[in-house]
Amino acid sequence: MQRLWPQWGLDIDGQRVVDLGELFGNGNPVVLEIGFGMGEATARMAAADPDTNILGVDVHTPGQGNLLNLADQQGLSNIRVGNGDAIILLREMLAPDSLAGLRVYFPDPWPKKRHHKRRLIQPEFLDLAATRLGPGAIVHCATDWEPYAEQMLEVLTAHPAFENTQPEGGFAPRPEFRPLTRFEGQGLEKGHVVNDLLFRRVEHKDQPPTGV
7 MQRLWPQWGL DIDGQRVVDL GELFGNGNPV VLEIGFGMGE ATARMAAADP
57 DTNILGVDVH TPGQGNLLNL ADQQGLSNIR VGNGDAIILL REMLAPDSLA
107 GLRVYFPDPW PKKRHHKRRL IQPEFLDLAA TRLGPGAIVH CATDWEPYAE
157 QMLEVLTAHP AFENTQPEGG FAPRPEFRPL TRFEGQGLEK GHVVNDLLFR
207 RVEHKDQPPT GV
């Protein structure tokens, strides 16, 4: 962290709008990943697709350090690590239409009903994300908590700024670019069903872009 954070880290403080081209040192498309755990899957995706920049955001310091170390060891210059609240990053620090994708893999399911309002994938969050995602950007969610998967599918399907990439609707097969994660493997061993959702940001000519 001490060695690599000044070069590859981003403190999410809400004090400025980040120039993503400057942050990565190139003009390649940027995908935001919210909650990357220990970062192994993030590093594998970055290695497999060097022409896509990944901005990973998490608050778990050991995970931040591990992802920085993986990036350093493997020479992955297309990774940056953000520390802080992804909502503040989206609302205060990213320009409109600046993201080519959003990845939310295995977020906290908050299984108790009274905690459901704490789940990340809600209409209000999608309102905000829609303003930062460019046309055609892909929102990719995955979870092994089936009730949360159903909620994600419901709110994404209902949101006017997004369309399901699956012609028949419903969940998507796990795309080859998303590696199996350690957490996912543990869930599969317990008999959990993993669901992927892939939705595309659309432009509506008959209405203004969704605001916040």
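Sequential numbering of the sequence shown, starting at 7, is according to my numbering. Just so it is clear, CB atoms sit at the ideal spot from N, CA and C, and this is done for glycine as well. Since this is a predicted model, take the numbers as computed values, not measurements.
Residue i bridges to which residues according to DSSP?
i	result
isoleucine 60	Val37, Ile85
threonine 149	Asn201
glycine 142	Per DSSP, none; premise fails for glycine 142.
proline 169	First, the amino acid is wrong: residue 169 is glutamate here, not proline. In the DSSP output, where bridge partners are listed per residue, glutamate 169 has Arg206.
Classify residue i as helix, strand or coil using the three-state DSSP reduction.
i	result
glycine 191	helix
threonine 163	helix
aspartate 19	coil
alanine 178	strand
arginine 9	coil
phenylalanine 42	coil
lysine 118	coil
phenylalanine 183	coil
proline 102	coil
lysine 123	helix
aspartate 91	coil
glutamine 268	One cannot answer for residue 268 here, as it falls past the ends of the chain, which runs 7 to 218.
Near residue i, what residues of its chain come up, given a Cβ to Cβ distance below 7 Å and the 5 sequence neighbours on each side ignored?
i	result
alanine 101	Val23
glycine 191	none
glycine 193	Asp150, Val200
Using C-beta distances below 6 Å, list every residue in its chain close to residue i, excluding the 5 sequence neighbours before and after it, in chain order.
i	result
alanine 155	Thr149, Asn201
glycine 5	Because the chain spans 7 through 218 in this model, residue 5 falls outside it and cannot be assessed.
glutamate 209	Pro141
histidine 165	Leu132
leucine 126	Pro113
isoleucine 94	Ile18, Gly20
methionine 158	Ile127, Cys147, Leu203
alanine 47	Pro185, Thr187
Span of the alpha helix (DSSP H) holding residue i?
i	result
glutamate 28	26-30
glycine 69	67-80
arginine 50	46-54
Considering residue i, what are the terminal residues of the beta strand (DSSP E) in which it resides?
i	result
leucine 108	105-111
Is any heavy atom of the ligand MN found at a distance shorter than 7 Å from the C-beta of residue i?
i	result
arginine 206	You won't find the ligand MN in this model; it holds no ligand whatsoever.
Cutting at 8 Å between CB atoms, please list the residues of its own chain near residue i, excluding the five before and the five after it.
i	result
alanine 143	Leu105, Ala106, Gly107, Leu108, Arg206, Arg207
alanine 49	Leu73, Leu76, Ala77, Gln80, Leu82, Ile85
phenylalanine 183	Met51, Ala54, Asp55
Worksheet entry | Cβ pair count under 8 Å reaching 3, the segment 24-35 against the segment 110-124 | No, the segment 24-35 does not touch the segment 110-124.
Practice prompt. Mind the definition here: the segment 57-66 touches the segment 129-139 only if three or more C-beta pairs lie below 8 Å; say whether that holds.
Written response: These segments do not touch.
Worksheet item: Is the number of C-beta pairs between the segment 12-20 and the segment 119-126 that are closer than 8 Å three or more?
Response: Judged by Cβ distances under 8 Å, the segment 12-20 makes no contact with the segment 119-126, as fewer than three pairs qualify.
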